[in-house]
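Positions 8 to 521 (the working numbering) are the ones given, in order, by the sequence shown. Yeah, the Cβ is synthetic: ideal placement off N, Cα and C, and Gly gets one too. These numbers were taken from a predicted model, which means no experiment stands behind them. A short worksheet on the structure shown next.
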Amino acid sequence: MARYVFITGGVVSSLGKGLASAALGALLQARGFSVRLRKLDPYLNVDPGTMSPFEHGEVFVTDDGAETDLDLGHYERFTGVAARKTDSVSSGRIYSNVLEKERRGAYLGKTIQVIPHVTNEIKEFLDIGDDEVDFMLCEIGGTPYLAASGELKTKPTQHSVKELRSIGIAPDILVCRSEHPIPEKERAKIALFCNVRPDAVIPAYDLKTIYDAPLAYHRAGLDRAVLDAFQISPAPRPDMARWEDVMDRIQNPEGEVRVAIVGKYVALEDAYKSIAEALTHGGMANRVKVRAEWINAEIFEAEDPAPHLERFHAILVPGGFGERGTEGKIKAAQFAREKGVPYLGICLGMQMAVIEAARNLGGVADAGSEEFDNEAGKKRFTPVVYHLKEWVQGNHKVERKLDDDKGGTMRLGAYTAVLKPGSKVAGIYGTTEIEERHRHRYEVDVKYRERLEACGMDFSGMSPDGRLPEIIEYRDHPWFIGVQFHPELKSKPFAPHPLFADFIRAALETSRLV
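Okay, structure coming up:
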């Protein structure tokens, strides 16, 4: 049976509970223990799938199709353990499960109450898979937001612990976030008034990179404190070589590249968190520093993109929803195609590249997406991108209608793609069959394949049944690739995704030409 560690935040939001949880998972792995991380969120949404990126940040998709909190991305990147549907739950999901059971008659006519029915549902969730790992790390989300002051105060920590004790919970370890070193006197005071051991008061200082967190927490004694709490002694010595190599690559780059990210949600970087991290991983693979700059795609709807994009060594257009900003993304794709600048289009970014090619190379002047017509409520475009109504998942067919509920109805999770032998992407992956994660309800129409391939665009990756385009590339372009899936979700600092690693390699080559 697993040992359970619960991570809560008692004072303010965004203190780094997710990163602390991920770093602790990495440290326990380094000592030879198996781990799984889970996130419990208090909001009443069933999942974050229908929440605005400005409200919640990125939606992280798992192999089995769950739409989850971005912290699960940190968990995967730090531990390499693929998250599952059962690793993320909200209050909304718990209540939904309870109500579904009540409708099925599972409670045998009893009155449904928070105690025991809701609390039992939470416990059942936590028990899933507890015989598979040595440690189960559970992050509890949800604390009020408070602006930080520049002064060290121990009173908020004391009040936080007091609140925990009032409901019968005594913390074993306190992780104290601070911009400044915490004097031993203050640590001793916290330990005394919060009734924990002095060596269980762990400082968490601001770091230049999140990937220093495992090493920093190890130096601070977090993993040792956790093992002491479980009376695990003697403990295996940690092997931190992997994280030392990661930090060496970050701290000692041998070059620099500039990448433009032309997107819709650029006001909040967390909306593209996995993309930002995957670019960093691509930089590590090539031992270069990646300077990513976020550009609002709407700017290009009124202005020529050239003055904005000429100074960059590569262009990335990420996924998104809705028509706003899409004409700017199309112009960015056109600039990259015409100027020979490396281009990576992800999900909507691939669709915009196809629309650009259809308009300017394929003779479909009014090419567009059915998504934009549906949003406007009238037909304006010839849809080279259409609403996906059916597809194959495993051994069965999935069917969707336009008026279905939005939540959980996209093509979600891991799907296989077959790559064209001899294509650029087959060379990058080193294989002709891959599995990547998806999150979309619109798809490039395969009936335009012949017309676009005659213009130099290869449909180099397809679904196994040949009906759904997964990857496009230009034959005569240095590096222009669009993918319908989200490769950023599978990239890790110690295992950069091959597409991002090669994208940054191409950017590095471009930087040497200018």
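| Check | Outcome |
| --- | --- |
| If I measure Cβ to Cβ from Ile478 and keep anything under 6 Å in the same chain, skipping five residues before and after, which residues do I get? | Val432, Ser467, Gly468 and Val490 |
| In chain order, which continuous runs of the beta strand (DSSP E) of length 3 or greater are located wholly inside the stretch 54-100? | 95-97 |
| Please classify Thr75: is it buried, with 16 or more other beta-carbons within 10 angstroms of its beta-carbon, or exposed? | buried |
| Taking 6 Å as the limit between beta carbons, can you name the residues of its chain near Glu305, skipping five residues before and five after? | Gly332 and Gly335 |
| Do you know offhand how far Glu276's Cα is from Trp486's? | 25 Å |
| Take Gly327 and list the residues in its own chain whose beta-carbon comes closer than 6 Å to its own, dropping the five residues that flank it on each side. | Lys271 and Leu355 |
| Could you name the residues of the same chain whose beta carbon sits closer than 6 Å to that of Lys585, not counting the 5 residues immediately before and after it, in chain order? | The first residue shown for the chain is 8 and the last is 521, placing residue 585 beyond what the model contains. |
| Within 10 angstroms of its Cβ, does Asn293 collect 16 or more other Cβ (buried), or is it exposed? | buried |
| Suppose the cutoff is 7 Å on Cβ atoms and the five residues either side in sequence are ignored; what does the same chain contact list for Asp137 look like? | Met8, Ala9 and Met143 |
| Near Asp70, what residues of its chain come up, given a Cβ to Cβ distance below 7 Å and the 5 sequence neighbours on each side ignored? | Ala89, Gly420, Ala421 and Arg444 |
| Please classify Thr287 as buried or exposed, where buried requires at least 16 other C-beta atoms within 10 Å of its C-beta. | buried |
| Inspect the beta-carbon positions of Glu428 and Glu450 and report whether they are closer than 9 Å. | Sequence inspection shows Pro at residue 428; the Glu mentioned does not correspond to that position. Result no, Cβ atoms of Pro428 and Glu450 do not sit closer than 9 Å. |
| Please state whether the Cβ-Cβ distance between Leu351 and Phe492 is less than 9 Å. | no |
| In three-state DSSP terms, what is Pro205? | helix |
| List the endpoints of the continuous beta strand (DSSP E) containing Lys50. | The residue asked about is misnamed: residue 50 is Tyr in this sequence, not Lys. Taken as a continuous stretch (DSSP letters only), Tyr50 belongs to no beta strand (DSSP E), as it is neither H nor E. |
| Here's the rule: buried if 16 or more other CB atoms are within 10 angstroms of the residue's CB, otherwise exposed. What is Gly290? | buried |
| Span of the beta strand (DSSP E) holding Arg474? | Looking at the DSSP string, Arg474 is not in any beta strand (DSSP E), and its letter there is neither H nor E. |
| To the nearest angstrom, how far is it from the Cα of Ser430 to the Cα of Phe501? | 26 Å |
| Alpha carbons only, please: which of Thr86, Val68, Pro471 and Pro55 is nearest the one belonging to Phe40? | Thr86 |
| Distance check for Val125 and Lys108, CA to CA, integer angstroms please. | 11 Å |
| Got a sec, what are the start and stop residues for the alpha helix (DSSP H) Arg458 sits in? | Arg456 to Glu460 |
| Taking 8 Å as the cut-off, is the C-beta of Ser376 nearer than that to any heavy atom in the ligand GTP? | The ligand GTP is absent from the structure shown, which contains no ligand whatsoever. |
| Classify Leu368 as helix, strand or coil using the three-state DSSP reduction. | coil |
| Quick test of your reading: Tyr212 and Ile257, contact by CB under 8 Å. State the CB separation rounded to the nearest angstrom. | That pair is no contact at about 17 Å. |
| Do Ile239 and Ala227 count as a contact pair if the criterion is CB distance below 9 Å? | no |
| Give the DSSP bridge partners of Ala424, in chain order. | Ile441 |
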